[in-house]
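Numbering (my numbering), first residue to last: 6 to 425.
Encoded structure:
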C-alpha cells in the first residue's frame, strides 16, 4: 500500500522517522522500493569515525551532517591508549582526515564538534584546518562544549570553512589566559585573512570563550551580514555577560529568538531599541507561574522599535515540570489586543503560540480533554487574531538535543525553535 503512494508523500513519511534508527530499519524491510529513501535518511548524519569503515564508503555521498565527537576517555581507555602507543599500534585521533574532502563528501552541509576531549586542542593537527578549507559545501558549524588552546585556534577553525554562513556556539572555552589573542605573531595557526560573512548565529550558555568569539565576529563583516540571532530556550543570561549575545548586533537582525528573561531581566542592558529591522520575533517563557509573564505585554507594546515591521511572532511556553497551569490567561488576552492593533502591527501575518513539554516529562492532566481544552482556550482568548486567520496554536511534546546544531540550523522563521 505504501509503495502505491506518490513518491513525494512516501518521502515525507520516511523523513518523519527522523533519526529513529529502529523505525527506519524496520521500514526498510517493507519493500526494496523504500530503500533509497531510507538510506538517504539513515546516513544523513554520521560520526566522523565511520569514515574509516570500508563498508560505509558507498553511503558517503548521502552524508549531510558530520559529528566530530571525542568524549573524555575513561581511565581504562587511557591505559589502553598508552599500551598501544608503546606497541606502535596507536592511530592518531585525526586519522580520519584523509577522507575529509569535498570529493568523498560532496553533499556535506553541517559539521558539529560536540563534547570534544579537552586534550584534543593539543593534538589538533594543522592538517585539520587544511582539510576544512576543502569542504566548500559546508555552510553550518557547531562548536558545543569544545576546548581550544587560545582564541586564534578557534578563529582559524572558523575561518577555514570557506562558505560558512551559520555558526552555533555553546560553552566554548580556552585554556589558561588563552582568551587573549596570541601576540607572539609566529603561531602556525594564525587567523585567516578572510573572515566569514555569517547570516545566522546561535549562542547558548555564554562563557568567556564564547563571548570572545562573538566579539571577534562583530569586528568583521558578520556584524552587518548576520540577520538571524538565536539564544535558545534554557540560555539563562550569564551574570557576568547579561547582554553578551545582544550588545554586538542590532540593526541588521531580522529574526530574533530569545528567552523572555534575557530581555526582561536586563532591560537596561539589552539594546533592543537598536533592533530596528526585526521581521520575526520568537520568545520563550515558562508556565503560568513564571514571573516573566507579566513582562510579556509591556515588551510587545512599548519596547519593540516602531521601525520594525514584524511579519511573524512566536510565543513558546516550555514546561519543565508536569503541570496543568500552562498559560496566564489574562496576559494572553492582553497580547491578543496588542498584536491585533493594525496601526502598530499592521504587517503581522502569523502569530504562533506553542505549549510544549519535554519528552521525558510524563504530563498527566486531570482529565482526558485537558489538552483539547487548552488549545481551544487559547483560541477563544485570542479571538481577534484567530478571526483574522493569523493565529496558529501548537500543543505537544518537544524532543531535547544535547548540542546547538538543531536550533542553529532549523530556526530561521518565526517558530519556537528546538532547544539545544
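We put the CB at the ideal spot given by N, CA and C, even for glycine.
Are the beta-carbon atoms of residue i and residue j separated by less than 9 Å?
i: residue 357; j: residue 398; result: yes
i: residue 154; j: residue 138; result: no
i: residue 354; j: residue 395; result: yes
i: residue 117; j: residue 147; result: yes
i: residue 144; j: residue 168; result: yes
i: residue 70; j: residue 44; result: no
i: residue 149; j: residue 173; result: yes
i: residue 110; j: residue 101; result: no
i: residue 115; j: residue 73; result: no
i: residue 288; j: residue 277; result: no
i: residue 285; j: residue 318; result: yes
i: residue 268; j: residue 250; result: no
i: residue 60; j: residue 51; result: no
i: residue 221; j: residue 156; result: yes
i: residue 384; j: residue 359; result: no
i: residue 46; j: residue 22; result: yes
i: residue 237; j: residue 217; result: no
i: residue 459; j: residue 301; result: Missing from the structure shown is residue 459; the chain here goes from 6 to 425 and no further.
Label residue i either buried or exposed according to how many other C-beta atoms from any shown protein chain fall within 10 Å of its C-beta, with 16 as the threshold for buried.
i: residue 294; result: exposed
i: residue 26; result: exposed
i: residue 314; result: exposed
i: residue 82; result: Only weak support is given to the placement of residue 82: the predicted model assigns it a pLDDT of 49, under 50, and the value that follows is read from those uncertain coordinates. Exposed, since its Cβ has fewer than 16 Cβ neighbours within 10 Å.
i: residue 341; result: buried
i: residue 307; result: exposed
i: residue 211; result: buried
i: residue 320; result: buried
i: residue 17; result: exposed
i: residue 201; result: buried
i: residue 361; result: buried
i: residue 204; result: buried
i: residue 244; result: Note that residue 244 scores 45 on pLDDT, short of 50, meaning its location in the model is unreliable; the coordinates nonetheless yield the value given after this. With fewer than 16 other Cβ atoms within 10 Å, it is exposed.
i: residue 351; result: exposed
i: residue 377; result: exposed
i: residue 209; result: buried
i: residue 14; result: exposed
i: residue 298; result: buried
i: residue 345; result: buried
i: residue 193; result: Because the pLDDT at residue 193 is just 43, under 50, the model does not fix this residue reliably, and the point stays unresolved.
i: residue 20; result: exposed
i: residue 386; result: buried
Give the DSSP bridge partners of residue i, in chain order.
i: residue 70; result: 50 and 115
i: residue 427; result: Because the chain in this structure spans residues 6 to 425, residue 427 falls outside the shown range and cannot be described.
i: residue 130; result: For residue 130, which the question treats as bridged, DSSP gives no partner whatsoever.
i: residue 322; result: 290 and 360
i: residue 61; result: According to DSSP, which records beta bridges pairwise, residue 61 is partnered with nothing at all.
i: residue 204; result: Bridge partners of residue 204: none, in fact.
i: residue 146; result: 116 and 172
i: residue 402; result: 362
i: residue 178; result: 152
i: residue 297; result: In DSSP, residue 297 forms no bridge with anything.
i: residue 308; result: Answer by DSSP bridge pairing: none, since residue 308 is not bridged.
Is there at least one Cβ from chain B nearer than 9 Å to residue i's Cβ?
i: residue 400; result: Of the chains in the structure shown, none is chain B; there is only one protein chain.
- Message: Whether or not the region 290-309 and the region 252-259 are in contact is what I'm after, with contact meaning three or more pairs of Cβ atoms, one per stretch, closer than 8 Å; do they touch?
- Response: no
- Task: Please specify which runs of the alpha helix (DSSP H), each continuous and at least 4 residues long, are wholly inside the region 215-241, giving them in chain order.
- Result: 227-230
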